Structure formats: structure tokens, C-alpha cells
Amino acid sequence: MELRKQIEPQMDIAEKRYPQILKLVLDYADFCNENGDENNSEYKNLEASLHQLTAKDISQFNLSEWWEEEGAEVLSFRIGLPDPLRIEDLKREELEEVIYRIGNFKPPEPGDITFKAQFSAYLDNYYHQFLALNFKTYSYNKIFARQKDKDKKEFWYTENEKAALLWNEGKY
Numbered sequence: 038m039e040l041r042k043q044i045e046p047q048m049d050i051a052e053k054r055y056p057q058i059l060k061l062v063l064d065y066a067d068f069c070n071e072n073g074d075e076n077n078s079e080y081k082n083l084e085a086s087l088h089q090l091t092a093k094d095i096s097q098f099n100l101s102e103w104w105e106e107e108g109a110e111v112l113s114f115r116i117g118l119p120d121p122l123r124i125e126d127l128k129r130e131e132l133e134e135v136i137y138r139i140g141n142f143k144p145p146e147p148g149d150i151t152f153k154a155q156f157s158a159y160l161d162n163y164y165h166q167f168l169a170l171n172f173k174t175y176s177y178n179k180i181f182a183r184q185k186d187k188d189k190k191e192f193w194y195t196e197n198e199k200a201a202l203l204w205n206e207g208k209y
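Quick note, the sequence shown lines up with residues 38 to 209 if you use the working numbering.
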């Protein structure tokens, strides 16, 4: 299903921002390797530069130890991708598509080396942010994490059950 433009991740903007963000992140790493950053002054400069580029709260990202996580490329992509928007007139089908995309990654076609193909596997955070912004019933732990029934048996909600919990009979 095709989502409305306002719901889709703004990959074109992320692609434009990406080279500059990646350079800043790698330059910071090089600086730290050569000089250290004991007082975090360069870290603060990096945060300020990234905030100026993206208008995002950069404190949510681990800028100093990204090599222990997903790497500089994915970090730069996540920083460059604009945050999701609040949508007033969401349709149940759109919610179902977002939930589907979270749980079902579709690999790009072989040979597809586009920016979108390179980073489409890393849109999970975007979609979870979208749900948190648009559904007051959103809770990762209560909806997307493993659950336990009354007999302490573990289970996962189905996509339809997740949609029903978020939709909350239209009172989202």
C-alpha cells in the first residue's frame, strides 16, 4: 500500500543532508582519536552543528560511541531523516500499513544501490516515532514487545491485534 506523502519518510531530505552529517560525525571521530575531547567541547560543537542542519534534538543520538551500535552511516541517516509528522485524519488502513512495514522488511531489488535501498532497513525508529506521535495508546512494551498471558506463556501480538490496540475504536 502506498502511504500519503505526509506519512512516508522524507528520504529525499535525508539523502541531501546525509553527506554533510556523515562528514561531521567522521571528522569528530578523527578529532577525538588525535586529540581526545575530555571536556566534551567538540561534542557540543557537533551537537550544535547537527541541530542547526536538522532542527532535531540531537541528544537522542549516541555521537561518541556510534561504532558500538550501527555505524557512522546508519547514525548519519537516522540524524538526517526528518521526524514524522502529526496527522489528524489517519485511516485504519494507513495504521495497518505502518505496522506491516515495521514487522516486514522488504529487501531492495538486487543491484539497487539507491540511497533509499541502502537505508530502507533502518526506518523502524521512524515508524515507531510516527506511532508514538499519532496514537496516545502507543507503548512499545505493551504492543510490540513479547507479552505474557495469564498462564505466563509468552506470545506476540499479531499485526491486526496491534492495530486494534492502537486504533482504540477510533479514539487514538
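Glycine is no exception: its CB is placed at the ideal position from the N, C-alpha and C atoms. None of the values given here were measured: they were computed from a predicted structure.
- Per DSSP, residue 148 is not a residue of any alpha helix (DSSP H), being assigned neither H nor E.
- DSSP lists no beta-bridge partner residue for residue 181.
- Buried is the label assigned to residue 117, since at least 16 other Cβ atoms lie within 10 Å of its Cβ.
- Pairing residue 55 with residue 114 gives a Cβ-Cβ distance under 8 Å.
- Under a 10 Å Cβ-count criterion, residue 169 is classified as exposed, with fewer than 16 other Cβ atoms of the shown protein chains found around its own Cβ.
- Looking from the CA of residue 172, the closest CA among 111, 74 and 208 belongs to 208.
- Note on geometry: alpha-carbon atoms of residue 136 and residue 75 lie some 43 Å from one another.
- In the three-state scheme derived from DSSP, where H, G and I count as helix and E and B as strand, residue 52 is classed as helix.
- Here the C-alpha atom of residue 144 lies approximately 12 Å from the C-alpha atom of residue 160.
- Assignment of alpha helix (DSSP H) within the stretch 96-164, counting only whole runs of 4 or more residues, yields 109-117, 129-140 and 152-156 in chain order.
- DSSP places residue 191 within a strand segment (E or B) once states are collapsed to three.
- Per DSSP, reduced to three states, the secondary structure at residue 40 is coil, with no helix or strand assignment.
- For residue 200, the enclosing alpha helix (DSSP H) stretches over residues 196-204.
- Here the alpha carbon of residue 192 sits roughly 13 Å from the alpha carbon of residue 178.
- With respect to residue 164, residue 139 sits close: the two C-beta atoms are nearer than 8 Å.
- For residue 76, there is no enclosing alpha helix (DSSP H), as DSSP marks it with neither H nor E.
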